[in-house]
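Everything in the sequence shown is counted per my numbering, starting at 484 for the first residue and increasing by one.
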Amino acid sequence: MTKLKMTNEFKTLKKFDAGNGREGYLHSLPALEEQGVGKISRLPVSIRIVLESVLRNCDGKKVRRKDVETLANWNAKAPANDEIPFVVARIVLQDFTGVPLVVDLAAMRSAVKRLGGDPKIIEPLVPVDLVVDHSVQVDFFGSAKALQLNLELEFKRNRERYQFLKWGQQAFKTFQLVPPGIGIVHQVNLEYLAKGVLSAPSTINHQPTTIFYPDTLVGTDSHTTMINGLGVVGWGVGGIEAEAGMLGQPVYFLTPEVVGLHMKGQLHEGVTATDLVLHITQLLRAQKVVGKFVEFYGEGAASLPVPDRATIGNMSPEYGATMGYFPVDQESINYLRATGRSDEQCRAFENYFRAQNMFGMPGKGEIDYSVDVDLDLADVEPSVAGPKRPQDRINLPELGKTFRALLEKPVQDGGYGKKNVDLGEKHLVQLNGSAPRDRAMASTDEIDQGINPGDERNKIEMVANRPTPDTGKEIRAASSEMFTRGQSHIGHGSVLIAAITSCTNTSNPSVMIAAALLAKKAAERGLRVDPAVKTSLAPGSRVVSDYLDQTGLQKYLDQLGFNLVGYGCTTCIGNSGPLHPNIEKAIHEFDLVAASVLSGNRNFEARVHQHIKANFLMSPPLVVAFALAGRVDIDLSREPVGKDKHGKETFLRDLWPSLREIRDTMQSALKPETFRKLYRDFADQNPKWNEIPSSTGDIYRWDETSDYIHEPPFFKNFSMEPGHVEEIRGARALGVFGDSVTTDHISPAGAIKATSPAGQYLVSRGIEHTDFNSYGSRRGNDLVMTRGTFANVRIKNLMVPGTEGGVTKYFGNGKSETGEQMSIFDAAMKYAETKTPLIIFAGHEYGAGSSRDWAAKGTRLLGVKAVVATSFERIHRSNLVGMGVLPLQFLEGASVQSLGLDGSEIFSITSLSDEIRPGHHATLEIKSKDRKSHSVPVKLRIDTPIEIDYYRHGGILPFVLRQLLAN
Ligand code: SF4
């Protein structure tokens, strides 16, 4: 373990009893308060934890005395507009965002070597854990073999990435990897990685000792906030910031406002933690908590177990907060114990927080918050959220009515714009090709091509979209027990995907057991799921399977088709896999607004599946119920879910398990030994991972034949001298977008279209469409990702009205009046030939959605120098700066529309020099095609002094590399 370099600027180091006969030291916040530095005991607990980090790392350089004093004097009602240098204790990554990060570290090592330095100066300085969870896709479902077959495909598709990660594991000392098939990053973090309090060896007065400090982290996934449920401070950052954090840079953020959400009362019987989080999401969205911390407290918060708190913390990005934090109390300690953490760990956690006066759920009036919000848990009702946004909560009885209204509502008002809809009209879909036949009749060729991964429950046939001969053999082996006959009738509102997915809910045994108990009651009554519904169960850890098996409940889920498909993100990240081709054909032919129901946290269009327009978030038991009902145009409080084996109508109330049933089942199922067993030597429990060969050495040997891992050009022509801040002149618009352009629009994670620039590039490399894999899995290759930037099939560039997808108009350096329509990538490359700088224009909330470093990296590599938007999402804005792209914001009242921009103009951004400061106003000069010119001021969204340095250096990576080389 790295020895902690001790600082004691404020003489706050104090001895404390760490439990089990151990003595340790901590940086005492009460001691800081006694010195009169600030009213620390009135600060929100989350702020105090950040303050401890600032105090402990105060060295007069990276962290100054002033930083400690400023934060200790945090003013609830008027927080200072200062940046806080937060040195986190550890970093967590998932594979989609983690691979490019390790690629960048490898590229930095190569650059250092080229410059004659020691490559080993590039090494994570804090522990980094990468959990491989984002790559598994639901190709196979509804079968006992689904897990194994999906895993086979995952390893086959991702072999090159996994080989690279194995190199990283041996090259970097502080880098730990959790291989595929173990779980989802935030659930693994909650159940295993998080310690609550950390310790490191140190020396005080020449005596060896141990320093204790709170477990804090940042992660490259916006739902990192799930760990806030355990009292751990942490949130999602862009890959670029995480990279800087790994390399010893503090994570900088502006002093936040803290919203105190006081909870009282109890949840009613039948109301789940998912209902609660959907309620909170709607409540806090309305409170506009973007960029703020939210702290939950009061007797209602104290009554919630940690899994419920974690579900609420998880959805912070959906309500817009940086964190959704629950202070540490007895429930936190109970959770650590229940999940198999050692007695030593649990005592240290409790004693540390007691010694810091931070133990126990605060009551009303004990802490000063910026904004006070109240919630009576008794007001929460069963609900779902959708069909496009998580904050659009709908009380369960209202769903049918709401869906019907949305069908006919105009598109511009958020509806689907259908006219005279007859919801009774259904279309026959054959699910086994042209004629029913037995599985045995399917030819070996078809199986080898991946046809019919099968479904023993519902006799459905589907196409695995990336088959290989070897997996064909597996499919053949699996197929003997599968059937292929079946048909269905689908229409608007038909449920075609029902997924128990997402760590948001799979980490919460109460809702998982509720789903399984509901499945039991349904299966026992003989209810069945329609063959058109693609059902899946993808828990975030193997612990879930253990308790579902122990309680004998998995078999009922299996009977309804909710067989285990993998331990990973699956449908939550959009890896829902293909639908039956005849279903996709019917959706297309009849322009159906079909539905998915999922226990995830995001539901914007094309997130879940490209062909499913209406996506409803809900608790796992409701996912099962809607799978049975087969449609969303229904009021499940009054209408039957289905008919039992005797033809009798069965209602949701007949199937819903009582709180007592859920609690009794949970008590018999959850054991600390299970967690200890499943998280011990998990790499050894994964033979497929161990079979993967890996290269060794400090420097990665880049392989030009690889289409997954490629050395990025960020350090090409790297020199020790940073450039200057210069004005941007003669620029062209590459895209003009509306509101709520997400990072997924900018850099999609899903399927690569064959006709897209990335698809064409892969074809030119001899790669078959079936082997394209997803953008997310190719983030280690800049050549694919740059071509995939702005390539989401749903992105609408207003420069080319009436189109969708990554198209633009190329205006050929001022020579063309009307512009030539082409792909965004092709236009960017043409502009690069004439060294024409490029600008992106956008509306509100540009870069919303999950943190995605490639959204900024791809923008940079396309040659975009600035993004001018009405407003920015927090992480994406900082990532743009981190990649040396200038974020600029229209001033109040100005917008693309008010300025009448259509993208044919020539632009300049002036009033820029080395003297710029955060919040500086620059000038956007616009010359329209009729040669008229006008200009407007725009605000630099470089928010902190350190960001000025990053921008001047061309981004955070060159900045850090120059610092490391200079030392
Ligand atoms: S399950 Fe969903 S929320 Fe959880 S890590 Fe995966 S994508 Fe993120």
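Cβ coordinates follow ideal geometry from the N, Cα and C atoms, glycine included. As the structure is a prediction and not an experimental result, all values here were calculated from the model.
- Query: If we ignore side chains and look at the alpha-carbon of each, how far apart do Arg-959 and Ala-627 end up?
  - Reply: Interpretation of Arg-959 is limited by its pLDDT of 36, a score under 50 that renders its predicted location unreliable; no figure is taken from the coordinates.
- Query: From Asp-1186 to Ala-654, what does the alpha carbon distance come to, in whole angstroms?
  - Reply: 17 Å
- Task: Run the proximity test for Ile-667: is its beta-carbon closer than 8 Å to any non-hydrogen atom belonging to the ligand SF4?
- Result: yes
- Message: Using a Cβ-based criterion (distance less than 8 Å to any ligand heavy atom), does His-617 qualify as near the ligand SF4?
- Response: yes
- In whole angstroms, what separates the C-alpha of Asp-1181 from that of Pro-562? 45 Å
- Check whether the Cβ of Asp-704 sits closer than 8 Å to any heavy atom of the ligand SF4, and report yes or no. yes
- Task: Sort Asp-616, Val-611, Val-614 and Leu-588 by Cα distance to Lys-603 and report the nearest one.
- Result: Leu-588
- Message: Need the endpoints of the alpha helix (DSSP H) that Leu-1000 sits in, please.
- Response: 992–1007
- Message: If I follow the unbroken alpha helix (DSSP H) through Ala-785, where does it start and stop?
- Response: 782–786
- Message: DSSP three-state label for Ala-1152, please.
- Response: helix
- Query: Can you tell me the Cα-Cα spacing of Trp-650 and Ser-1411, whole angstroms?
  - Reply: 53 Å
- Would you identify the three-state DSSP class for Ser-705, choosing helix, strand or coil? helix
- Query: If you draw a straight line from the C-alpha of Asp-1227 to the C-alpha of His-1403, how long is it?
  - Reply: 29 Å
- the stretch 518–535 / the stretch 729–744 touching (three or more Cβ pairs under 8 Å): yes
- Compare the C-alpha of Gly-976 against each of Ala-888, Val-1027, Pro-513 and Val-994 and name the closest. Ala-888
- Task: Excluding the 5 residues preceding and the 5 following Ala-982 in the sequence, name in chain order all residues of the same chain whose CB lies nearer than 6 Å to its CB.
- Result: Ser-1019, Thr-1054 and Leu-1081
- Message: Less than 8 Å separating the Cβ of Pro-577 from some heavy atom of the ligand SF4?
- Response: Residue identity check: residue 577 is Gln in the sequence provided, not Pro. Gln-577: yes, Cβ under 8 Å from the ligand SF4.
- Item | Nearest residue (CA-CA) to Tyr-1329, options Ala-590, Thr-580, Glu-827 and Val-1379 | Val-1379
- Message: Is the beta carbon of Glu-891 closer than 9 Å to that of Leu-737?
- Response: no
- Proximity test, Asn-1084 beta-carbon vs the ligand SF4 heavy atom, cut-off 8 Å: yes
- Message: By the three-class DSSP mapping on this structure, what secondary structure does Trp-557 have?
- Response: coil
- For the candidate residues Thr-699, Leu-1447 and Ile-687, whose alpha-carbon lies nearest to that of Leu-676? Thr-699
- Query: Who are the Cβ neighbours of Ile-1250 in its own chain at under 7 Å, not counting the five residues just before and after it?
  - Reply: Asp-1190
- Item | Where Asp-953 sits in the DSSP three-state scheme | Any reading at Asp-953 must be qualified, since the residue scores a pLDDT of 40, below 50, and its modelled position is unreliable; the value itself is stated next. If DSSP states are grouped into helix, strand and coil, Asp-953 belongs with the helices.
- Query: Going along the chain, which residues of its own chain have a beta-carbon closer than 6 Å to the beta-carbon of Phe-836, five neighbours each way excluded?
  - Reply: Val-811 and Phe-842
- Going by CA-CA distance only, name the one from Arg-830, Val-734, Thr-1406 and Leu-1001 that's closest to Leu-1138. Leu-1001
- Task: Pick helix, strand or coil for Ala-1234, following the three-state DSSP scheme.
- Result: strand
- Task: Could you spell out the range, first to last residue, of the beta strand (DSSP E) harbouring Phe-658?
- Result: 658–661
- Query: With distances taken from CA atoms, which of Arg-1212, Gly-1367, Leu-1363 and Ser-1418 is nearest Leu-1382?
  - Reply: Ser-1418
- Query: In whole angstroms, what is the alpha-carbon distance linking Arg-1343 and Val-701?
  - Reply: 24 Å
- Message: Between which two residues does the beta strand (DSSP E) holding Met-746 run?
- Response: 741–747
- On the three-pair Cβ rule with 8 Å, is the stretch 783–801 touching the stretch 743–763? yes
- How is Lys-1313 classed by DSSP in three states: helix, strand or coil? helix
- Residues near Ile-1211 by beta carbon distance below 7 Å, same chain, minus five either side: Pro-1320, Lys-1348, Ala-1349, Ser-1391 and Ile-1392
- Query: According to DSSP, what are the bridge partners of Tyr-1293?
  - Reply: Glu-1303
- Item | Near the ligand SF4: Gly-1332 beta-carbon under 8 Å from a heavy atom | no
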